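Asks: Just so you know, we're using numbering that gives the first Met the number 0 here: the sequence shown kicks off at 0 and counts up by one.
Glycine included, C-beta positions come from ideal geometry on N, C-alpha and C.
Please read these numbers as outputs of a predicted model, since none were measured by experiment.
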Amino acid sequence: MLDAKTQIIRLLMAACLGGLIGLERERLLWVAGLRTHMMVCVGSALIMIVSAYGFMEVISLGQPHIEVDVARVAAQVVSGIGFLGAGTILFREDVVRGLTTAASLWAVAAIGLAVGGGLYVAAVATTLICLVILMALKPIERFLVSFPRQLTQLSITINVSKTSHKLIKEALAKGGLHVHKIVCDENIAGDRQILKLLLRKNAKNSTATTIRYLKTMPGVLDVEVEDRNDD
């Protein structure tokens, strides 16, 4: 049986490692942030401890007809975390957001299992790799995406009674702009709505021409180009 001190150390270590990844998500204001990632990691570590060491009394009986699969309980974490990850994914029409956060929760669960199983080096290494992926790869990703395509962010204020998201996206598509991300501020005042759109465009297309066209559309109250802040 695992002694109490080692159990506590493993749970605290899981909380710390999960918290490091959670801080990165919290920094970007995702719902699944610091506390969620810490809880997932600690819970996974505890499940692994229970799975590996919680049935020692049964094993010690030495009954030939009793078989104990120490990996069965821990294995349920892998499938169970999918429900929590699905809750972080936002889907609006053809735009999907939150996949990275869902993946980070899945990774944190795996880290918790590793800590619970005593694989400290693997757990720490995985945490560092995840942080590099989430933070250090952003400049590289932006460069690769921006060449030959470029990213631009628009803030569009519309009257929802006179136009729709579909019409806006169709107008953007005609100008060679593809909606990469969209965030809506619902009912700012009456029928008004502000759309924050991150767009991809081909280098040969003119964003200014598309913006001028958008401003002439019925129901479009304002169009502004904003500084881009990816998450």
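Are at least three pairs of beta-carbons, each pair with one atom in the stretch 121-132 and one in the stretch 30-39, less than 8 Å apart?
Replies: Flag = no, the stretch 121-132 and the stretch 30-39 do not touch.
Asks: Run the CB neighbour count on Ser-43, radius 10 Å, all protein chains shown included, and call it buried at 16 or more, exposed below.
Replies: Counting from one through the sequence shown, the residue named residue 43 turns up at place 44. So Ser-43 ends up on the buried side.
Asks: Based on Cα-Cα distance, which residue from Gly-116, Val-72 and Phe-82 lies nearest to Thr-5?
Replies: Stepping through the sequence shown from its first residue, residue 5 is reached at position 6. Closest option to Thr-5, Cα to Cα, is Gly-116.
Asks: Using the rule of at least 16 other Cβ atoms within 10 Å of the residue's Cβ for burial, across every protein chain shown, is Gly-81 buried or exposed?
Replies: Position 82 of the sequence shown, counted from the start, is the residue given in the question as residue 81. By the 10 Å Cβ count, Gly-81 comes out exposed.
Asks: Mind checking Ala-74: buried by the 16 CB within 10 Å criterion, or exposed?
Replies: Taking the first residue of the sequence shown as position 1, residue 74 is located at position 75. Under this definition Ala-74 is an exposed residue.
Asks: Assign Val-222 to one of two classes, buried (16 or more other C-beta atoms within 10 Å of its C-beta) or exposed (fewer than that).
Replies: Taking the sequence shown and counting its residues from 1, the one referred to as residue 222 is at position 223. Classification for Val-222: buried.
Asks: Using only CA atoms, which one of His-36, Met-38 and Arg-71 lies nearest to Met-47?
Replies: Translated into positions along the sequence shown, residue 47 becomes position 48. For Met-47, the nearest C-alpha among the options comes from Arg-71.
Asks: What's the call for Arg-9, buried or exposed, on a 16-neighbour Cβ count within 10 Å?
Replies: Your numbering for residue 9 matches position 10 in the sequence shown. Arg-9 should be labelled buried.
Asks: Can you list, in chain order, the residues of its chain whose CB lies under 8 Å from that of Ser-160, leaving out five sequence neighbours each side?
Replies: Counting from 1 along the sequence shown, the entry for residue 160 is found at position 161. So the list reads Asp-190 and Gly-218, once near-sequence residues are dropped.
Asks: Who does Val-224 pair with in a DSSP beta bridge?
Replies: As a first step, residue 224 must be located in the sequence shown, where it is residue number 225. Per DSSP, Leu-153.
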